[in-house]
Amino acid sequence: MSLQTPQAATTGSDLPSVTEKGSLLGYKMGEDSFVPPSVEEEEEDGEEEKEKEKLPPILTASNTAGGGLERGTKSQFSTFSSFISTINQKKEAAGSSSSPTQLVIPNIKSVRDLPPICLDVRQKQRISIDTLPPDLKAPVPPEPSLPIRTKTMKDFQCNQAIKQELLLTRARMIETCSVDPGHLTFVDKPQDIQKSVLKGIINGLLQEWKGPRTKDDLRAYCILLQNPQFSNTSTYVIYAHLLRQIATLAEADHHFLAHWFKKISQRRFKQLVDRLLQFISLRLFPAKPEEFPPMIKCTWWIPSATKVLSLFNAANSLANPAIIPYTDFYNSTLDHIDLMEEYHNWQCYGNSHRFSFCQYPFIISIAAKKVIIQRDSEQQMISMARQSLVDKVSRRQRPDMNMLFLNLKVRRMHLVSDSLDELTRKRADLKKKLKVTFVGEAGLDMGGLTKEWFLLLIRQIFHPDYGMFTYHKDSHCHWFSSYKCDDYSEFQLVGALMGLAVYNSITLDIRFPPCCYKKLLSPPIVPCDQNTPVGISGVSLDDLCHIMPELAHGLRELLSYEDNVEEDFYSTFQVFQEEFGVIKSHNLKPGGDKIPVTAQNRKEYVQLYVDFILNKSIYKQFAAFYYGFHSVCDSYALMLLRPEEVEILVCGSPELDMYALQRNTQYDGYLKTDLTIRYFWEVVLGFPLDLQKKLLHFTTGSDRVPVGGMADLNFKISKSETSTNWLPVAHTCFNQLCLPPYKSKKELKQKLVIGISNAEGFGLE
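Residue numbering for the sequence shown follows our numbering, starting at 68 and increasing by one per position.
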């Protein structure tokens with residue numbers, strides 16, 4: 068099984084991919100990055116000479132009696148798991164009476180047995196000498212006397228603490244890795260002992276950097292990551308080495324870790340994610356730069372932490388439901404770096420070893436992704452306008468400012484047909500800045516006419532009488548009509564409208580289910596081969612539940628039915644749909660009308676049923692919609708987006724926070740303490756939701772909240788010097804409300820309700 072991050076792209080080798088093929092993390096470090104410095108060398112760069120800390124001395128074969136370790140002739144660990152196993156064997160050999168603390172070892176049957184550690188070479192030689200005749204025995208030279216080192220009480224306590232910690236770590240290596248991290252630190256011990264324990268463990272794991280890891284090693288990594296001491300910046304050097312080791316593990320090991328992370332409790336999972344995000348933020352913008360080694364010597368810190376974070380993201384995606392919201396992986400610190408440089412590096416070196424945050428889009432916030440998409444679209448707009456200008460000059464024609472825009476002229480009474488004709492005729496100009504003119508009206512489009520064009524067009528296309536989309540009252544969303552027709556160009560128009568909305572930073576009032584946006588990113592880049600199916604995604608009962616909850620409930624009842632399915636349901640592999648008053652049947656598989664649904668094949672039946680409703684029955688409609696959207700938004704930036712984020716970019720957020728709007732409102736001619744303004748907010752905050760949406764639409768041209776929230780609206784209330792008999796006036800181009808100084812709260816409410824309930828059109832006299 069191969070795990071992929073959610074944004075993996077399969078669009079060809081010539082395109083930059085978010086994840087490399089077959090890799091859980093989607094990024095591989097170069098060979099040079101596998102040779103790490105020791106923990107001490109790293110810390111020497113970030114601390115003063117007097118603050119340097121030394122690791123406890125490495126125990127050799129001659130002092131195993133005191134340390135409980137057997138060493139080879141080269142004094143190296145074979146593996147960390149072997150090192151731990153040796154400690155455990157010595158512990159058991161000594162007996163429970165020799166230990167002041169009785170450790171509870173978990174059931175060893177659940178842990179894979181490790182190979183035994185080989186005996187010391189010198190011991191093998193002595194055994195062979197003892198078997199010789201006495202006359203052939205050579206005198207055995209005495210053991211060389213080793214230099215005596217005077218140990219301080221601090222060294223002794225530190226060594227004892229490390230041994231106890233390593234034993235405890237071994238004891239806690241259970242299959243589920245559900246270990247309380249509080250057991251892994253000595254909260255009642257000095258900080259230097261705690262830090263030395265961490266150094267000993269990490270350096271033990273560090274001995275064979277390129278060697279294979281056992282299951283026990285992976286459990287050690289899983290447990291060590293949960294150590295709360297890594298929240299302290301003083302342990303960041305040790306933490307970085309641990310993260311680097313985990314990041315460079317084999318892909319199969321990453322699979323183990325991802326599935327183990329999935330079993331961690333929600334509270335601790337969130338803590339671990341937050342700790343990694345904090346580590347990345349403080350390395351990017353350190354509060355005290357002298358705390359860390361120079362950036363040039365630890366360029367691998369951020370890539371390692373990000374790759375480990377991607378394991379948690381993969382675990383979160385595997386869990387159903389997700390352990391934490393996907394937004395908890397956002398790092399708002401990245402909003403302050405050069406995002407376009409990251410984006411261009413990813414475009415140019417997408418499949419190389421060069422690190423870019425765009426390789427891990429789950430960490431980039433939706434606000435930052437919006438900035439990338441906007442700037443990318445602006446660059447494409449400028450490129451298209453420049454090309455039009457060059458073509459005009461090369462033909463020795465007089466340049467016209469209108470050639471720099473996508474100019475649409477439509478009639479209100481023929482809105483859909485005129486819009487379709489204009490977009491079809493001006494297909495080459497779709498990447499230019501949009502300007503709309505309503506025939507017979509004198510309004511100049513500074514943004515307001517464009518907003519109204521979108522609103523009226525969407526409202527008309529999605530009307531039930533139009534027949535393109537079906538509105539489901541139970542789920543309050545639209546879905547594609549399965550009616551067959553000869554021309555699907557209007558579905559392409561709707562897709563182009565959504566693309567233009569994203570391209571021009573306009574929110575639309577469209578209520579599509581989440582699986583629509585998942586299908587819209589399948590794949591995120593239009594394939595070169597026109598015969599490649601598009602808009603086909605893996606769907607489930609949960610996706611169907613967002614559209615037709617009653618049907619999804621019935622299918623779930625079928626799956627859980629315990630009696631005779633074939634006799635009680637009496638169903639076959641068929642679907643029945645109504646088309647223009649006629650019931651038509653469709654086989655879910657060849658000969659489906661003759662295959663009964665039984666307890667053995669009902670899962671297949673349900674999956675084929677869901678796939679037919681959400682994919683096959685509407686393929687031509689959705690394919691036209693897909694190509695319309697991507698005819699405008701054919702940007703690599705779409706590969707950075709989750710389906711939920713595409714929905715927010717297209718539709719905005721439907722949740723209104725009028726208190727946030729009040730806090731971010733600007734005033735012209737009024738003060739926020741003026742009586743009229745106080746009346747206004749008392750009235751607005753007391754409005755029901757539908758009137759609040761009408762007010763937002765009246766003043767901004769849309770009743771949805773943009774990605775950045777109410778603060779991005781730049782809402783302004785200006786004082787109108789007209790008579791109080793006049794209604795309020797709005798300039799949607801500037802999100803501005805012109806409010807006369809009404810004398811009473813009752814009068815203000817009456818005039819405001821009339822104004823926002825009867826506002827449409829830009830007629831001027």
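Ideal Cβ positions, reconstructed from N, Cα and C, are used throughout, including at glycine.
Handout entry: Three-way DSSP call (helix, strand, coil) for Phe558 in this model
Key = helix
Exercise for the section: Between the Cα of Pro710 and those of Cys425, Pro580 and Gly562, spot the shortest distance and give me the residue it belongs to. Expected result: Pro580
Practice task
With DSSP collapsed to three states, give me the class of Gln338.
Solution key: helix
Handout entry: Cβ neighbours of Ser676 in the same chain (closer than 8 Å, five flanking residues each side left out)
Key = Rather than Ser, the amino acid found at residue 676 in this sequence is Tyr. If we look at Tyr676 and ignore the five residues flanking it on each side, its Cβ neighbours are Leu622, Val642 and Leu655.
Practice task
Identify whether Lys329 lies in helix, strand or coil by the three-state DSSP scheme.
Solution key: coil
Handout entry: Extent of the continuous beta strand (DSSP E) to which Thr302 belongs
Key = Element bounds for Thr302: n/a, residue is neither H nor E.
Problem - Backbone CA spacing between Thr517 and Asp678 [nearest angstrom] - result: 37 Å
Problem - When Pro361, Lys355, Ile715 and Pro356 are compared against Leu575, the one with the closest alpha-carbon - result: Ile715
Exercise for the section: Would you decide whether Trp793 is buried or exposed? Buried here means 16 or more other CB atoms lie within 10 Å of its CB. Expected result: exposed
Handout entry: Those runs of the alpha helix (DSSP H) which lie wholly inside the stretch 508-532 and span at least 4 residues
Key = 515-528
Practice task
Return the chain-ordered list of same chain residues with a C-beta closer than 7 Å to the C-beta of Pro721, the five sequence neighbours on each side being excluded.
Solution key: Arg771
Handout entry: Ser699: first and last residue of the uninterrupted alpha helix (DSSP H) it sits in
Key = Here residue 699 is Val; the residue named in the question, Ser, does not match the sequence. It is not in any alpha helix (DSSP H) - Val699 carries neither H nor E in the DSSP assignment.
Practice task
Measure the alpha-carbon distance for Ala382 versus Ala319 and round it to whole angstroms.
Solution key: 14 Å
Handout entry: In DSSP terms, what Gln644 is bridged to
Key = Lys651
Practice task
Assuming Ala563 and Val699 form a contact by the criterion Cβ under 8 Å, report the distance between their Cβ atoms to the nearest whole angstrom.
Solution key: 6 Å
Problem - Exposure label - Ile821; buried when at least 16 CB within 10 Å - result: exposed
Exercise for the section: Note the first and the last residue of the continuous beta strand (DSSP E) segment covering Asn16. Expected result: Because the chain spans 68 through 832 in this model, residue 16 falls outside it and cannot be assessed.
Exercise for the section: Could you tell me if Asn294 is buried or exposed, where buried requires 16 or more neighbouring beta carbons within 10 angstroms of its beta carbon? Expected result: buried
Handout entry: Same chain, Cβ closer than 6 Å to Ser604, neighbours up to 5 away in sequence not counted
Key = Lys585, Lys586 and Ser589
Problem - The alpha helix (DSSP H) enclosing Thr665, as first and last residue numbers - result: Looking at the DSSP string, Thr665 is not in any alpha helix (DSSP H), and its letter there is neither H nor E.
Practice task
Output the boundary residues of the beta strand (DSSP E) element that contains Val796.
Solution key: Val796 to His798
Problem - Pairwise C-alpha distance: Lys459 and Trp520 - result: 29 Å
Practice task
Mind checking which residues open and close the alpha helix (DSSP H) that includes Ser461?
Solution key: Ile433 to Ser461
Problem - Simplified DSSP assignment, three categories, for Cys552 - result: coil
Practice task
Can you have a look at Leu567 and say buried or exposed, based on whether 16 or more other CB atoms are within 10 angstroms of its CB?
Solution key: buried
Handout entry: Between the CA atoms of Met565 and Lys761 - distance to the nearest angstrom
Key = 22 Å
Exercise for the section: Mark Ile823 as exposed unless 16 or more other C-beta atoms lie within 10 angstroms of its C-beta, in which case mark it buried. Expected result: buried
Handout entry: Short Cβ contact (7 Å threshold) for Ala619 with Leu626
Key = no
Practice task
Provide the residue span of the alpha helix (DSSP H) that contains Thr766, from first to last.
Solution key: Leu756 to Thr767
Problem - Per DSSP, the bridge partner or partners of Gln733 - result: Lys783
Problem - Selection from Asp701, Val673, Asp496 and His403 that minimises the alpha carbon distance to Cys595 - result: Asp701
Problem - Touch test, the stretch 328-337 against the stretch 294-312, Cβ-Cβ under 8 Å, three pairs minimum - result: no
Exercise for the section: Take Asp891 as the anchor and find which of Asp488, Ile391 and Ile744 has the nearest alpha-carbon. Expected result: No answer is possible for residue 891: it lies beyond the span of the chain, which begins at 68 and ends at 832.
Problem - Contact under 7 Å by Cβ, Ala690 with Gly602 - result: yes
Practice task
Report the three-state DSSP secondary structure of Val677 (helix, strand or coil).
Solution key: helix
Practice task
Enumerate in chain order the residues of its own chain whose CB-to-CB distance from Asn802 is below 8 Å, with the five nearest sequence positions on each side excluded.
Solution key: Thr766, Thr767, Leu780, Asn781, Phe782 and Lys783
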